[in-house]
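Per the UniProt record's numbering, residue 1 is the first one in the sequence shown, and the count goes up by one each step. See structure below.
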Amino acid sequence: MTEIVEGLSLNLATVRQQWGFVEAVEGCLRHGIRAIAPWRDQVAAIGLDEAARIVRKEGLQVTGLCRGGFFPAPDAAGRQAAIDDSFHAVDEAAALNADCLVLVVGGLPESSRDIVGARQMVTDGIAALLPHAIAAGVPLAIEPLHPMYAADRACVNTLRQALDICDALDPEKSGALGVAMDVYHCWWDPELEAQILRAGPKRLLAHHICDWLVPTRDMLTDRGMMGDGVIDLPAIRRMVEAGGFSGPQEVEIFSAENWWKKPGDEVLATCVERFRAVC
């Protein structure tokens, strides 16, 4: 019987070029990984009902569903469409009994240079989504992205910014709104430890791990396997544990020229090995 790897989750983007949802779950089970974080397109490919059935049958923890968000848009119709799509994402996360719905909030609307206005659209979009998420029992996790993504993917770029939104919309720290802290995006932040402690257990909803390669050849699809780059992963793990986070560390690696080209079982075996050795 395969030994269960406690404290490790696999974001299924890590093997999205090798496997679909079913094959990825089967691979995780072979390697003792009992927690996953799927993407909505992977779930849609086999159907939400079937994905939820597999999760229940195998007793898997779903550490997050990726993703809702992308709230900024040039007009009201576009902004409402993003909110409506995120409503569906909440329902999908509820069906999967996910620990949270990850929000990648979106960048500047087309032809805009108004990043302040874009950030207000993000806050307004989350405010519109939050009552539905509360009713569904799905916490929302804002994921701040590295500043290099500010224009096109996420105009919320630090934990401080994400937590400011949380405090504005959920001042009671109800557990309904928090952050997904991805080391790839946040490792450089001089306020990282202070903001993790500020977040605390009510706001720390997910912890994503990988590594930052030097050089990084592509800002989206050249993440490193843990231990291959410059991030002090043990130090950040100590920070999140001091902040009260006790959930699994979720490996999320986009790697077009390396890990996506390797056999899925080799990728998972390496994830387990590195998780035990360097995280």
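For each residue, glycine too, the CB sits at the ideal point set by N, CA and C.
C-alpha gap between residue i and residue j, whole angstroms
i	j	result
residue 294	Thr2	Outside the displayed range of the chain (1 to 279) lies residue 294, so it cannot be described from this structure.
Cys66	Ala37	7 Å
His185	Met219	11 Å
Gly27	Phe275	17 Å
Gln120	Asp152	16 Å
His146	His207	15 Å
Ile4	Gly59	13 Å
Leu130	Glu143	15 Å
Gln18	Glu266	11 Å
Gly175	Ala199	11 Å
Gly47	Ser9	22 Å
Ala133	Ala82	15 Å
Asn97	Arg56	9 Å
Arg79	Glu273	43 Å
Gly137	Leu169	17 Å
Gly7	Val116	38 Å
Arg30	Cys271	13 Å
Glu124	Pro171	First, the amino acid is wrong: residue 124 is Asp here, not Glu. The straight-line gap from Cα to Cα measures roughly 16 Å.
Ala52	Gln249	22 Å
Ala242	Ile196	8 Å
For residue i, the three-state DSSP class (helix, strand or coil)
i	result
Met239	helix
Ala133	helix
Leu192	helix
Trp39	strand
Ile142	strand
Ser255	strand
Arg16	coil
Gly224	strand
Ala52	helix
Gly244	coil
Ala180	strand
Leu101	strand
Gly175	coil
Gly78	helix
Arg276	helix
Gly69	strand
Ile4	coil
Met148	helix
Arg217	coil
Gly264	helix
Asp232	coil
Ser47	A small correction: the amino acid at residue 47 is Gly; Ser does not occupy that position in the sequence shown. Note: Gly47 maps to coil in three-state DSSP.
His88	helix
Leu96	coil
Asp124	helix
Counterpart residues of residue i in DSSP-defined beta bridges
i	result
His185	BP columns for His185 are empty, so no partner.
residue 315	Here the chain has residues from 1 to 279 only, and residue 315 is not among them.
Gly106	Ala154
Val62	Ile36
Requested in this report: Would you check if the region 98 to 105 and the region 198 to 216 touch, i.e. whether three or more CB-CB distances between them fall below 8 Å?
Outcome: yes
Query - the region 191 to 199 touching the region 214 to 233, judged by at least three CB pairs closer than 8 Å - result: no
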